[in-house]
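Engineer: Its first residue numbered -1, the sequence shown is counted upward by one per residue in our numbering.
Please read through the structure below; I'll follow up with questions.
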Amino acid sequence: MTQEFRSACAGLLTFLLVSLPVGAQELPVVRVIATGGTIASRPGDDQLTGSALIEAVPQLAGVAQVEVEEFSRIGSSEMTPGHWLLLAKRINELLDAEPDISGIVVTHGTDTMEETAYFLHLTIKDLRPVVLTGSMRSATAISADGPANLLTAVRVAADPTAGGRGVLVVLNDEIHSARDVRKTDNNRIDTFLSAEWGALGVVDSDGVTFRRSSETLHTVQALPSLAGVEALPVVPIVADFAGNDAMVLRSWAQQGVSGIVVQAFGGGRTSPEMRRAISEITSEGIPVVLASRVPEGRVIGSGQQAEAGVVAGGDLPPHKARVLLMLALLHSRDGTEIQAIFATH
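Dropping the structure here:
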């Protein structure tokens, strides 16, 4: 990560306090970290500030003492692993320094919200709730969903029952685990679903209700902290397809990448030339994870590829398998050890 990049992002971490009504001191404190996205978008290139988002939802004053912090004003398609690293470090720093904060809300674009949320799910070392939210409609749309989503997210972040559940994604009155949730539709406001496992809970007019918990490791139980980490390993995703000559896969391996995620068929099957290329690559010490292009069902380690040290991605989609592999590679390049991480996270 370049010094220029770090300086640019640091410059965006401006701290703003929203004015509080009389008596608000008794309410829980929630910090909103604004990163941009559709929730802040309006005609033209200019995006709303975090404080403007809060001011548009006066009902927040009855829920929490809301503090606002600007991290960035970018679409989520512009998010990079460098941003994830800075955001995770900032949240950990904030929670360490300010014990009075009840929870954190991150406003974020929906295109890569799943990846940012899962990265934070694995790297935040605190049990207090961290909630990501956004919108499918711009701030100036006739029926913008951003204000309602922001209000709901703050309600969850302020609720003591939300703690210890890992990082949460809250939109459309539903609460999802960062690990399980996926964006499923390009246009509908009910796009975020945890289809195979279901939502963790819901937010109704009378409160926050949880119905299940995620059993995989997260936050304080997950991988060691990011202390001392300045950059993440390079891990591309390579899609398999009928008749694949594996040229792209071999090309990436020749670039000296740290690991590769292969988007495989079905339960982890690959085309013949891809199988050969994967065997070559793993023999050179480059970890390869197989994740399925099918929305539901696990990739299970078995057969010849398991013997070659290929890691089964379980039920993680390719883009989340990439996130976990990047973090796993900070601690090991051994296929067996990486497989154990995938089995528990």
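Virtual Cβ for every residue (Gly too), placed ideally from N, Cα, C.
Among Met134, Val152, Gly73, which residue has its Cα nearest to the Cα of Pro56?
Structural biologist: Here residue 56 is taken as the residue at index 58 of the sequence shown, counted from 1. Closest by alpha carbon: Val152.
Engineer: Could you give the DSSP three-state label for Ile187: helix, strand or coil?
Structural biologist: For the purposes of this step, residue 187 is identified with residue 189 of the sequence shown, where counting begins at 1. Three-state result, Ile187: coil.
Engineer: What do you get for Met77, buried or exposed, if any count of 16 or more other CB atoms within 10 angstroms of its CB means buried?
Structural biologist: Here residue 77 corresponds to residue number 79 of the sequence shown, with the count starting at 1. Flag for Met77 reads buried.
Engineer: Between Glu213 and chain C, is the shortest Cβ-Cβ distance under 8 Å, so that the two count as touching?
Structural biologist: Checking the listed chains, one finds no chain C in this structure; it contains a single protein chain.
Engineer: Is it the case that the Cβ atoms of Ala193 and His119 are separated by a distance below 8 Å?
Structural biologist: The residue you call residue 193 lines up with position 195 of the sequence shown. The residue you call residue 119 lines up with position 121 of the sequence shown. No, the Cβ-Cβ distance between Ala193 and His119 is not below 8 Å.
Engineer: Would you check if the distance between the CB atom of Val61 and the CB atom of Leu25 is smaller than 8 Å?
Structural biologist: Here residue 61 is taken as the residue at index 63 of the sequence shown, counted from 1. Here residue 25 is taken as the residue at index 27 of the sequence shown, counted from 1. For Val61 and Leu25, yes; Cβs fall inside 8 Å.
Engineer: Kindly give me the distance between the Cβ atoms of Leu169 and Leu325, rounded to whole angstroms, as I take these residues to be in contact under 8 Å.
Structural biologist: Locating residue 169 in the sequence shown gives position 171, counting from the first residue. Locating residue 325 in the sequence shown gives position 327, counting from the first residue. Between Leu325 and Leu169 the Cβ distance is about 25 Å, and since that is not below 8 Å, they are no contact.
Engineer: Consult DSSP for His174 and reduce its assignment to one of helix, strand or coil.
Structural biologist: Sequence index remark: in the sequence shown, residue 174 carries index 176 (1-based). Correct three-state label for His174: strand.
Engineer: Express the C-alpha separation of Val201 and Asp157 in angstroms, rounding to a whole number.
Structural biologist: The count along the sequence shown starts at 1 and reaches residue 157 at position 159. The count along the sequence shown starts at 1 and reaches residue 201 at position 203. Rounded to the nearest angstrom, the two C-alpha atoms are 11 Å apart.
Engineer: What does a CB cutoff of less than 8 Å around Arg180 pick up in its chain, not counting 5 residues either side in sequence?
Structural biologist: For the purposes of this step, residue 180 is taken as the residue at position 182 of the sequence shown. Closer than 8 Å at Cβ, skipping near neighbours: Glu112, Phe190, Leu191, Ser192, Ala193, Pro293, Pro315.
Engineer: Around the C-beta of Ile350, are 16 or more other C-beta atoms found within 10 angstroms, so that it is buried, or is it exposed?
Structural biologist: For residue 350 there is no data in the structure shown, the boundaries of the chain being -1 and 343.
Engineer: What number of angstroms, rounded off, separates the C-alpha of Gly254 from the C-alpha of Val66?
Structural biologist: Position 256 of the sequence shown, counted from the start, is the residue given in the question as residue 254. Position 68 of the sequence shown, counted from the start, is the residue given in the question as residue 66. In a straight line, the C-alpha of Gly254 is about 41 Å away from that of Val66.
Engineer: What are the partner residues of Leu169, as DSSP defines its beta bridges?
Structural biologist: Mapped onto the sequence shown, residue 169 falls at position 171. For Leu169, which the question treats as bridged, DSSP gives the partners Glu172.
Engineer: What three-state label does DSSP hand Asp243 in the structure shown?
Structural biologist: Locating residue 243 in the sequence shown gives position 245, counting from the first residue. Asp243: coil per DSSP, three-state reduction.
Engineer: Would you say the region 224 to 233 touches the region 198 to 212, given that touching needs at least three Cβ pairs under 8 Å?
Structural biologist: no
Engineer: In whole angstroms, give me the CA-to-CA distance for Val232 and Val246.
Structural biologist: Indexing the sequence shown from 1 puts residue 232 at position 234. Indexing the sequence shown from 1 puts residue 246 at position 248. When rounded, the separation of the alpha-carbon atoms in Val232 and Val246 is 15 Å.
Engineer: Would the beta-carbon of Ala275 fall within 8 Å of that of Ala319?
Structural biologist: Within the sequence shown, residue 275 is the residue found at index 277, counting from 1. Within the sequence shown, residue 319 is the residue found at index 321, counting from 1. Not in contact: Ala275 and Ala319 (Cβ atoms no closer than 8 Å).
Engineer: Classify Ser75 as buried or exposed, calling it buried when 16 or more other Cβ atoms lie within 10 Å of its own Cβ.
Structural biologist: Residue numbering aside, residue 75 sits at position 77 when the sequence shown is read from its first letter. The residue is exposed, with fewer than 16 neighbouring Cβ atoms inside 10 Å.
Engineer: Quick one: residues in its chain with C-beta nearer than 8 Å to the C-beta of Gln261, no 5 flanking neighbours on either side, listed in chain order?
Structural biologist: As a first step, residue 261 is located in the sequence shown; it is residue number 263 there, counting from the start. Cβ neighbours of Gln261 beyond the five flanking positions: Ile235, Val236, Ala237, Asp238, Ala289, Ser290, Arg291, Pro316.
Engineer: Using a 10 Å radius around the Cβ and a threshold of 16 neighbouring Cβ atoms, would you call Thr33 buried or exposed?
Structural biologist: Taking the sequence shown and counting its residues from 1, one reaches residue 33 at position 35. When all chains shown are included, Thr33 counts as buried.
Engineer: Excluding the 5 residues preceding and the 5 following Val218 in the sequence, name in chain order all residues of the same chain whose CB lies nearer than 8 Å to its CB.
Structural biologist: Residue 218 sits at position 220 when you count from the first residue of the sequence shown. Within the same chain, Val218 has close Cβ partners Lys123, Asp124, Leu125.
Engineer: What does the Cβ neighbour count give for Val20, buried or exposed, with the cut at 16 atoms within 10 Å?
Structural biologist: The count along the sequence shown starts at 1 and reaches residue 20 at position 22. Interpretation of Val20 is limited by its pLDDT of 47, a score under 50 that renders its predicted location unreliable; the figure taken from the coordinates is listed afterwards. Result: exposed.
Engineer: Spatial neighbours of Asn147 within its chain, please: CB distance less than 6 Å, with the 5 preceding and 5 following residues excluded, ordered by chain position.
Structural biologist: The residue labelled residue 147 in the question sits at position 149 within the sequence shown. Contacts found: Thr131, Ser133, Leu169.
Engineer: Compare the C-alpha of Ile37 against each of Val103, Ser70, Val154, Gly107 and name the closest.
Structural biologist: Along the sequence shown, one-based indexing puts residue 37 at 39. The option with the nearest alpha carbon to Ile37 is Gly107.
Engineer: In the DSSP assignment, the beta strand (DSSP E) including Val30 goes from what residue to what residue?
Structural biologist: Taking the first residue of the sequence shown as position 1, residue 30 is located at position 32. For Val30, the uninterrupted beta strand (DSSP E) run begins and ends at 27 to 32, by DSSP.
Engineer: Would you give the residue range spanned by the beta strand (DSSP E) that Phe117 belongs to?
Structural biologist: Translated into the one-based positions of the sequence shown, residue 117 becomes position 119. Looking at the DSSP string, Phe117 is not in any beta strand (DSSP E); the run it does join, the alpha helix (DSSP H), is 111 to 121.
Engineer: I'd like to check one pair, Leu83 with Val129: are the Cβ atoms closer than 8 Å?
Structural biologist: Taking the first residue of the sequence shown as position 1, residue 129 is located at position 131. Taking the first residue of the sequence shown as position 1, residue 83 is located at position 85. Cβ atoms of Val129 and Leu83: not closer than 8 Å.
Engineer: Is the CB-CB distance between Arg196 and Arg210 below 8 Å?
Structural biologist: Indexing the sequence shown from 1 puts residue 196 at position 198. Indexing the sequence shown from 1 puts residue 210 at position 212. Checking the sequence shown, residue 196 turns out to be Gly, not Arg. Going by C-beta atoms, Gly196 is nearer than 8 Å to Arg210.
Engineer: Per DSSP, which residues does Val232 bridge with? Please list them.
Structural biologist: Residue 232 sits at position 234 when you count from the first residue of the sequence shown. Answer is none; Val232 lacks a bridge partner.
Engineer: At the level of alpha carbons, what is the spacing between Ser277 and Ala306?
Structural biologist: The residue given as residue 277 occupies position 279 in the sequence shown. The residue given as residue 306 occupies position 308 in the sequence shown. Roughly 6 Å separates the two Cα atoms.
Engineer: Over what stretch of residues does the alpha helix (DSSP H) that includes Thr85 continue unbroken?
Structural biologist: The sequence position of residue 85 within the sequence shown is 87, counting from 1. Note that residue 85 corresponds to Leu in the displayed sequence, not to Thr. It spans 79 to 95 - the alpha helix (DSSP H) in which Leu85 sits, taken as one unbroken run.
Engineer: Measuring straight from C-alpha to C-alpha, what distance separates Gly299 and Gly164?
Structural biologist: Locating residue 299 in the sequence shown gives position 301, counting from the first residue. Locating residue 164 in the sequence shown gives position 166, counting from the first residue. Those two C-alpha atoms are separated by around 26 Å.
Engineer: Locate the alpha helix (DSSP H) running through Phe340, then write down its first and last residues.
Structural biologist: Along the sequence shown, read from residue 1 onward, the residue named residue 340 stands at position 342. Unbroken alpha helix (DSSP H) run through Phe340: 333 to 342.
Engineer: Just to check my reading of the structure: Val297 and Gly265 have Cβ atoms closer than 8 Å, yes? What is that Cβ distance to the nearest angstrom?
Structural biologist: Here residue 297 corresponds to residue number 299 of the sequence shown, with the count starting at 1. Here residue 265 corresponds to residue number 267 of the sequence shown, with the count starting at 1. With 8 Å as the limit, Val297 and Gly265 qualify as a contact, their Cβ atoms being about 6 Å apart.
Engineer: Which residue marks the beginning of the alpha helix (DSSP H) containing Thr150, and which one marks its end?
Structural biologist: Counting from one through the sequence shown, the residue named residue 150 turns up at place 152. Where Thr150 is concerned, the enclosing alpha helix (DSSP H) stretches over 144 to 155.
Engineer: In three-state terms, what does DSSP make of Thr159?
Structural biologist: Sequence index remark: in the sequence shown, residue 159 carries index 161 (1-based). Looking at Thr159 - three-state DSSP - the assignment turns out to be helix.
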